[in-house]
Amino acid sequence: MVSLTAILIPLLPLLPLLTSALPTSTSSSSTALAPRQNFGDITFYNTGLGACGSVNNDQELVAAVSAALFDSQSVCGRSISVNFNGATVNVQVVDRCAGCAFGDIDLSPSAFSALTGSLDAGRVQGSWDFI
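What the sequence shown shows, in mature numbering (1 follows the signal peptide of the UniProt record, and there is no 0), is residues -21 to -1, 1 to 110, in sequence order.
What follows is the structure in structure tokens.
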């Protein structure tokens, strides 16, 4: 009969290989996602019944994000800070913009006016991120 020691002694050189494959702990701060700033066209649209299920009016500070973003993440009700030419406006996501590219954002008329000073430009380039 073979002793347990006779079986384990030849396996000792493999012990470092087994322990090096163990997962190590990481702090939550190193795995947290950093905020991502988005760049693109900022436009405005006439609000109404949005894809999030609420009816909004043009005087509210609300926005629609691209269909690609809307369909891939849970964004309804999230707040966004939109920046253009040194001005900032905070809006709430209430809708899906089918004609927007991934970094674009469509604002209510009042949000667009607050950001640009008027509706005259119609389309500007700027940035935004979730807050």
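C-beta atoms are modelled at their ideal positions from N, C-alpha and C, and glycine is treated no differently.
Please read these numbers as outputs of a predicted model, since none were measured by experiment.
Self-check item: Leu26 - DSSP class collapsed to helix/strand/coil
Solution: What sits at residue 26 in the sequence shown is Thr, not Leu. Three-state result, Thr26: coil.
Quiz item: Is it true that the CB of Val44 sits closer than 8 Å to the CB of Val54?
Solution: Less than 8 Å divides the Cβ of Val54 from the Cβ of Val44.
Quiz item: Using the beta-carbon count (16 or more within 10 Å), is Thr10 buried or exposed?
Solution: Below a pLDDT of 50, predicted positions are generally treated as unreliable, and Thr10, at 42, falls in that range; the measurement from the model is reported next regardless. Answer is exposed; the Cβ neighbour count stays below 16.
Quiz item: Are the CB atoms of Gln16 and Leu40 nearer to each other than 8 Å?
Solution: Their beta carbons are not under 8 Å apart, which means Gln16 does not touch Leu40 by this criterion.
Self-check item: Short Cβ contact (8 Å threshold) for Asp108 with Ala42
Solution: No.
Quiz item: First and last residue of the beta strand (DSSP E) that includes Ser58?
Solution: In the DSSP annotation of this structure, the continuous segment of the beta strand (DSSP E) that includes Ser58 starts and ends at Ser58 to Phe63.
Exercise. Taking Ile59 as the reference, give the member of Leu94, Ala100, Arg102 and Asp99 with the closest Cα.
Key: Out of Leu94, Ala100, Arg102 and Asp99, the CA that lies nearest to the CA of Ile59 is found in Leu94.
Quiz item: Taking DSSP as the reference, what is the three-state secondary structure of Leu98?
Solution: In the structure shown, Leu98 sits in coil (DSSP, three-state: anything other than H, G, I, E or B).
Exercise. Assign Phe81 to one of three DSSP states: helix, strand, or coil.
Key: Note: Phe81 maps to coil in three-state DSSP.
Practice problem: State yes or no: is the C-beta of Ile21 within less than 8 Å of the C-beta of Val73? | Solution: With respect to the 8 Å criterion, Ile21 and Val73 are not classified as neighbours on the basis of their beta carbons.
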